[in-house]
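All letters in the sequence shown, in the order written, are residues 15 to 232 by my numbering.
All C-beta atoms, glycine included, are put in the ideal place defined by N, C-alpha and C.
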Amino acid sequence: MSKQAEIPRLRYDEGCLAAHSLNLIGDRWALLVVRELMFAPKRFQMIRAGLPGITASVLTGRLAQLTQAGVVEHDERLGIYALTEAGRAVLPVLEALCRWALIVPGHDPSRFISPSALMISMGVNLIRDLPPERRALAGFSFGNEAFEMQLAGGKVQTRAVTRPAAPFILSGNGNQQAMAVYGPVPLPKLVAGGVVGVEGDIAAAGEFLSLFRLERQA
């Protein structure tokens, strides 16, 4: 790496804390790279699969910048990229951006949705004021990625897994599963139409998905 590449580029010459944050993670694609690593370390091509509009050279540059900023760490021997503690702390920023997007026009849910993007959005769009004693465990399979989502205490906790161990597992790509989570079509009809698959208790799956609303919440 050249000497020049090792020096973080100053984008905003201000003492503002927000400007300092943007100096580190404000370039195009940077926050979305962080999004793709939020639940699990990944290799280069798997990160790129979640960002279909990015070129290999741009992704290489963003990963280098985020590594220099202390947001990402790279295991060169294994070829794996992972978030640092500082990188994982960006999750509330991504969640806040999701909430803000609900109050401005123009969102098009027909565009590409990555598995990580859907998991983060579900954490944002869970119905509020659920009874704290309500519990549930859900599984989501996207082919090369899978997650378990645990509902407890009125919140969801999501983790990447090799194979979900849950009463039901929803399967499909990000957009298909987003239709099941947020769309108006009942889950059994989506399953019958081949839009998504459900392994296990379809009634429990439908009940769980009914807890999410893609709308502004107080």
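- For the pair Val210 and Ala103, the Cα-to-Cα distance works out to about 32 Å.
- Shown here, Met163 sits in a strand according to DSSP, grouped into three states.
- Residue state for His34 is assigned as helix, using DSSP reduced to three classes.
- Per DSSP, Gly75 is one residue of the alpha helix (DSSP H) stretching across Ala70 to Gln82.
- Per the Cβ contact rule, the region 77-87 is not in contact with the region 127-135 (fewer than 3 Cβ pairs under 8 Å).
- Distance from the CA atom of Pro181 to the CA atom of Glu162, rounded to whole angstroms, is 11 Å.
- Here Phe53 is not near Ala70, since their CB atoms are 9 Å or more apart.
- Our two residues, Thr98 and Ala206, have alpha carbons roughly 42 Å apart in a direct line.
- Runs of the alpha helix (DSSP H) lying entirely within the region 98-153, each at least 4 residues long, are 99-102, 105-115 and 129-138 in chain order.
- The shortest CA-to-CA distance from Asp41 to any of Gly153, Glu28, Lys203 and Ala83 is the one to Ala83.
- Ranked by how close their Cα comes to the Cα of Gly153, the residues Ala219, Pro55 and Gly120 have Ala219 in first place.
- Taken atom to atom, the span from the alpha-carbon of Ala100 to that of Leu46 is near 15 Å.
- Residues of the same chain with a CB within less than 6 Å of the CB of Leu38, apart from the 5 flanking positions on each side, are Ala83 in chain order.
- Judged by DSSP in its simplified three-state form, Ala96 adopts strand.
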